[in-house]
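In numbering that gives the first Met the number 0, the protein residues as written are 0 to 795.
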Amino acid sequence: MNRVALLLVCGWLSAPFAALATPAPAAAATPRMDFTIPPQPLPTALIMFGKQANVQVLTAGGTIASFRSGGASGTFTPDAALARLLQGTGLSYSFIDSGTVVVKPAEPAPTRAGAASISPSVAHAKLLAPVDAEGIVEPGPGYMVDTTRSATRTDSDLIDVPQSVSVVTRDLMDSQQIRTVADAVRNVAGVQYIDGTDSLPNFQIRGFNPGNGMTDGMPNSITALGDFPPLIGVERVEVLKGPEAILGDSIGNNDFGGLINVLMKKPQADPVHEFSYSIGEYGDMQAGIDLAGPLGSGHTLTYRLVLSDEYADRTPQGYHGQRSSYLAPSIGWQGATTKLTVGVERILNRLPIPDHTILLNGSVSSASPAGILLGNPSDHSTYQTSRFYYMLEQKLGDVWTFRSRGQYVRQSTDQQDWTVSNPTSTGNVDARAEVYRYSNAYYTLQNDITATFRQGPLTHTVVAGFDYSRSLIGNSEDIFNNILGVPYNIFTGAPLPPARSVIQPANDIYVPGSPWSATNGVFLQDQIAVGESWDVLLAWRRSAYELSTDDVNGNPWNLHKTQWVPSAGLVYKITPDMALYGNTTNGFQPDTWLGKNGRPLAPALSRQIEAGSKFDLFQDRARLTVSWYRIMVDSSYDLQSAQPPYFYTPGPGQTNNGMEIELTGRVAPGLNITTSYTNSRISNHDGTTPTGVPRQHFNLWASYWFPSGALQGWGIAGGILARSRSVGQTTDDGTYFDIHGQASVDANVSYRAKSWSMTLGVKNLFGRNLLSDNFDETFVPLHDRRIFLLSGAYDL
Numbered sequence: 000m001n002r003v004a005l006l007l008v009c010g011w012l013s014a015p016f017a018a019l020a021t022p023a024p025a026a027a028a029t030p031r032m033d034f035t036i037p038p039q040p041l042p043t044a045l046i047m048f049g050k051q052a053n054v055q056v057l058t059a060g061g062t063i064a065s066f067r068s069g070g071a072s073g074t075f076t077p078d079a080a081l082a083r084l085l086q087g088t089g090l091s092y093s094f095i096d097s098g099t100v101v102v103k104p105a106e107p108a109p110t111r112a113g114a115a116s117i118s119p120s121v122a123h124a125k126l127l128a129p130v131d132a133e134g135i136v137e138p139g140p141g142y143m144v145d146t147t148r149s150a151t152r153t154d155s156d157l158i159d160v161p162q163s164v165s166v167v168t169r170d171l172m173d174s175q176q177i178r179t180v181a182d183a184v185r186n187v188a189g190v191q192y193i194d195g196t197d198s199l200p201n202f203q204i205r206g207f208n209p210g211n212g213m214t215d216g217m218p219n220s221i222t223a224l225g226d227f228p229p230l231i232g233v234e235r236v237e238v239l240k241g242p243e244a245i246l247g248d249s250i251g252n253n254d255f256g257g258l259i260n261v262l263m264k265k266p267q268a269d270p271v272h273e274f275s276y277s278i279g280e281y282g283d284m285q286a287g288i289d290l291a292g293p294l295g296s297g298h299t300l301t302y303r304l305v306l307s308d309e310y311a312d313r314t315p316q317g318y319h320g321q322r323s324s325y326l327a328p329s330i331g332w333q334g335a336t337t338k339l340t341v342g343v344e345r346i347l348n349r350l351p352i353p354d355h356t357i358l359l360n361g362s363v364s365s366a367s368p369a370g371i372l373l374g375n376p377s378d379h380s381t382y383q384t385s386r387f388y389y390m391l392e393q394k395l396g397d398v399w400t401f402r403s404r405g406q407y408v409r410q411s412t413d414q415q416d417w418t419v420s421n422p423t424s425t426g427n428v429d430a431r432a433e434v435y436r437y438s439n440a441y442y443t444l445q446n447d448i449t450a451t452f453r454q455g456p457l458t459h460t461v462v463a464g465f466d467y468s469r470s471l472i473g474n475s476e477d478i479f480n481n482i483l484g485v486p487y488n489i490f491t492g493a494p495l496p497p498a499r500s501v502i503q504p505a506n507d508i509y510v511p512g513s514p515w516s517a518t519n520g521v522f523l524q525d526q527i528a529v530g531e532s533w534d535v536l537l538a539w540r541r542s543a544y545e546l547s548t549d550d551v552n553g554n555p556w557n558l559h560k561t562q563w564v565p566s567a568g569l570v571y572k573i574t575p576d577m578a579l580y581g582n583t584t585n586g587f588q589p590d591t592w593l594g595k596n597g598r599p600l601a602p603a604l605s606r607q608i609e610a611g612s613k614f615d616l617f618q619d620r621a622r623l624t625v626s627w628y629r630i631m632v633d634s635s636y637d638l639q640s641a642q643p644p645y646f647y648t649p650g651p652g653q654t655n656n657g658m659e660i661e662l663t664g665r666v667a668p669g670l671n672i673t674t675s676y677t678n679s680r681i682s683n684h685d686g687t688t689p690t691g692v693p694r695q696h697f698n699l700w701a702s703y704w705f706p707s708g709a710l711q712g713w714g715i716a717g718g719i720l721a722r723s724r725s726v727g728q729t730t731d732d733g734t735y736f737d738i739h740g741q742a743s744v745d746a747n748v749s750y751r752a753k754s755w756s757m758t759l760g761v762k763n764l765f766g767r768n769l770l771s772d773n774f775d776e777t778f779v780p781l782h783d784r785r786i787f788l789l790s791g792a793y794d795l
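This is the structure:
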């Protein structure tokens with residue numbers, strides 16, 4: 000009954016937008032329409048043309064990959080707009096029906112001198128590969144993009160994907176003056192960001208930890224603690240909703256709720272010479288350079304170099320400030336049928352422990368004073384990441400394409416800090432100094448081949464792939480002054496010394512590393528277009544992985560396991576700009592604990608059912624997505640027996656339900672907005688109260704640039720981030736406490752000239768005490784100050 004009601008709601012929601020999304024009846028003559036296609040690589044220009052003209056564009060990808068289009072902006076017939084896009088390329092086009100156009104090399108034919116090389120032609124059409132633009136998909140101006148590769152491993156129009164996919168564009172990041180992936184995903188419905196005690200953010204997507212996350216479609220980490228690069232090196236951030244084991248990020252992590260994929264900047268022929276900076280309070284300074292362009296006289300060989308450095312004197316509470324460096328050189332080579340990118344990425348982050356307080360009496364109102372430092376000013380975490388990668392694409396004729404990508408990554412962590420526990424109303428706590436070191440290394444390979452062919456009324460885009468990964472878990476050391484902590488009073492005690500100066504070698508918990516272990520997966524996917532109104536997505540993955548555990552006698556034990564993961568989705572396009580969709584996807588998480596039979600427990604399994612609708616509005620410059628989901632997990636945790644041999648049994652699971660609404664894009668000349676609303680609920684099958692889950696989240700950001708007059712070049716922007724109340728739980732006695740609802744307001748003003756821009760912004764405009772969605776009594780993240788930030792960019 001609930002699903003029937005959902006479909007009725009989606010249909011009702013579509014009614015007000017039908018007039019906006021449905022094109023006007025065609026006149027007898029070829030109609031003229033508005034096109035807004037800026038200069039850009041030809042593959043993405045053709046994608047935008049197909050969207051704005053409501054036609055399908057077919058082309059041999061290898062023939063267009065190296066071309067650049069001068070764009071087409073104005074009122075044209077579709078023929079005239081396409082001719083402008085192809086001008087100077089030597090390509091021709093032919094409409095094989097009212098909704099399909101083929102772009103291909105012009106056929107040699109005798110022509111009179113001076114005849115135009117671009118003209119409509121009548122030709123025998125054969126099915127060609129869809130437009131492919133990997134690595135050069137440009138978001139264009141504004142907050143909305145049209146395509147994604149993350150969800151399907153093929154360039155797909157977002158309205159044709161039977162899944163909720165959210166994209167944070169470069170323009171939106173710049174407008175909000177944000178510098179981290181954590182701040183970027185706050186714009187996305189269903190995503191929560193929580194400060195971690197180790198200085199790294201903890202994410203939640205639809206109520207679940209998103210696991211490792213991805214960088215350019217490859218795992219970002221193997222421990223779910225990977226450090227994302229700074230946003231100066233990021234082109235855009237994509238968030239895929241629902242279980243994502245089908246994509247292969249299942250190395251010991253559940254992606255039951257979704258996955259974050261960060262797409263990095265790539266080499267390009269268009270020159271970029273930009274210096275950017277930001278200046279904040281407490282000595283916070285960041286500077287970076289982004290360089291790109293051709294190497295040599297042609298556009299075959301290109302490069303990208305991104306580097307940045309950040310420094311801060313201290314945090315508002317008094318911890319020594321951030322020290323961060325980033326270096327990312329890459330080189331690209333592109334021929335008629337081959338595209339290759341190789342690059343290196345080096346991230347070094349020294350992050351202070353986040354400012355925080357503690358709860359002295361189990362309630363938010365009993366928080367310790369913000370002026371009391373609960374550690375030593377030197378408390379910090381250091382993360383180092385070195386990444387070497389390549390991405391290869393080879394066209395094999397007009398139909399087949401081979402893609403290969405791989406990376407080798409080394410990561411290390413070094414943390415030293417104080418933690419306090421068991422607080423009392425008088426300020427007595429147990430203080431524990433800790434130094435932690437850990438390292439790992441891994442490499443991944445992804446290979447797939449894509450083919451597009453027609454079978455009667457069906458058009459298939461088939462992807463078959465093989466993924467392989469090997470990982471090495473290094474040694475770890477966890478050293479304390481006293482494992483249980485020492486008595487300390489936060490009001491009367493002397494300042495705590497550096498943690499490294501008081502740790503005791505006898506309290507070293509040493510965990511030896513494990514040898515290289517491998518996982519692999521076979522992937523098969525079929526995207527089926529049935530006429531112009533239906534799209535079907537079917538996918539299967541067979542994941543093979545290793546479990547490292549101990550047998551009943553305590554001896555190391557490695558087991559090889561396999562898991563099949565299917566998914567399916569369906570899209571029905573009422574019009575080219577209005578679609579209904581549904582999907583069912585699956586995920587799993589391996590379990591190393593031993594059951595009654597002395598063998599590891601079966602993996603925890605998840606299944607999502609999702610339905611929704613998508614609308615392209617305001618002449619395809621904005622998109623509205625409405626989605627409903629239910630995610631069911633059979634076991635959320637394991638139960639241990641109270642008697643020897645202390646075997647485990649699967650515990651109860653949970654069901655997460657929710658509705659998400661997102662509207663992103665340009666709704667009027669110069670006015671861009673992104674807004675989202677989430678209404679979610681978690682039901683634990685054991686009857687316990689879910690913690691850290693506000694029922695409602697709301698986000699709105701809008702920016703406006705004055706187009707003319709005395710204010711031309713000036714822009715204003717602002718927004719609000721709000722949530723309802725949530726519940727926290729203490730670690731000592733399990734008492735629940737309320738975390739009140741809240742709202743934060745940010746705003747800025749900008750000026751943009753031909754070669755430079757500058758923005759002055761303020762975050763937390765009203766100086767509210769902003770709390771995380773979830774915390775316990777030992778660590779309450781502190782955000783209670785108004786923050787000013789000056790940022791800008793200059794074209795060198």
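In this text, a Cβ means the ideal position worked out from N, Cα and C, and glycines have one as well. Predicted, not measured: the structure shown is a model, and the values here were computed from it.
Please classify H379 as buried or exposed, where buried requires at least 16 other C-beta atoms within 10 Å of its C-beta. buried
Thinking G320 and D312 are a contact (beta carbons under 8 Å), I'd like their distance in whole angstroms, please. 5 Å
Does the Cβ of F765 have 16 or more other Cβ atoms within 10 Å, making it buried, or fewer, making it exposed? exposed
Does DSSP put Q176 in a helix, in a strand, or in coil? coil
Mark S790 as exposed unless 16 or more other C-beta atoms lie within 10 angstroms of its C-beta, in which case mark it buried. buried
Per-residue burial, Y382 [other beta carbons within 10 Å of its own, 16 or more giving buried]: buried
Give the C-beta separation of L339 and H355 to the nearest angstrom, bearing in mind that I take them to be a contact with Cβ-Cβ under 8 Å. So it is not a contact: roughly 47 Å between Cβ atoms.
According to DSSP, is A613 part of a helix, a strand, or is it coil? The displayed chain sequence assigns Lys, not Ala, to residue 613. Reduced to three states, the DSSP call for K613 is strand.
Contact under 9 Å by Cβ, E344 with T384: yes
Would you decide whether F490 is buried or exposed? Buried here means 16 or more other CB atoms lie within 10 Å of its CB. exposed
On the DSSP bridge list, what partners appear for L769? H782
Measure the CB-CB distance between R620 and T35 and report whether it falls below 9 Å. yes
Three-state secondary structure (DSSP) of L764: coil
Determine the burial state of T777: buried for a count of at least 16 other Cβ atoms within 10 Å of its Cβ, exposed for fewer. buried
Same chain, Cβ closer than 6 Å to L558, neighbours up to 5 away in sequence not counted: L546
May I ask you to report which of helix, strand or coil DSSP gives D737? strand
Suppose you measure from the CA of A132 to the CA of G657; what does that come to, to the nearest Å? Low confidence applies to A132: its pLDDT is 41, below 50, so where it sits in the model is not reliable, and the reading given next is rough at best. In a straight line, the C-alpha of A132 is about 34 Å away from that of G657.
Pull the bridge partners of Q410 from the DSSP assignment, please. T384, N439
From A217 to P266, what does the alpha carbon distance come to, in whole angstroms? Sequence check: residue 217 is Met here, not Ala. Using only the alpha carbons, I get a separation of about 18 Å.
L372 - DSSP class collapsed to helix/strand/coil: coil
How far does the alpha helix (DSSP H) with A44 in it reach, from first residue to last? 41-52
Using the beta-carbon count (16 or more within 10 Å), is D550 buried or exposed? exposed
Assigned secondary structure, G553 (DSSP; H/G/I helix, E/B strand, else coil): coil
Y281 classed as buried or exposed, judged by whether at least 16 other C-beta atoms fall within 10 angstroms: exposed
Which residues in the same chain have their Cβ closer than 6 Å to the Cβ of T584, if we skip the five residues on either side of it in sequence? G241, P242, S566, Q607
Cβ neighbour criterion (16 or more within 10 Å) applied to D732: exposed
Sheet register partners of F787 (DSSP bridge): V761
What distance in whole Å lies between the Cβ atoms of F736 and G361, which are believed to be in contact at a cut-off of 8 Å? 6 Å
Which full runs of the beta strand (DSSP E) of 3+ residues lie inside the stretch 292-350, going along the chain? 300-310, 322-333
Measure the C-alpha to C-alpha separation of L471 and Y441 and round it to an integer number of angstroms. 6 Å
Can you list, in chain order, the residues of its chain with a C-beta nearer than 8 Å to that of R784? Leave out the 5 residues immediately preceding and following it. P315, N763, G766
According to DSSP, what are the bridge partners of H459? F452, I527
Should G492 be counted as a contact of the ligand SAM given a C-beta to heavy atom distance under 8 Å? In the structure on display, the ligand SAM does not appear, and there are no ligands present to speak of.
Mind checking R724: buried by the 16 CB within 10 Å criterion, or exposed? exposed
Taking a contact to mean a Cβ-Cβ separation below 9 Å, would you say Q454 touches T151 in this structure? no
D96, enclosing beta strand (DSSP E) - first and last residue: 90-96
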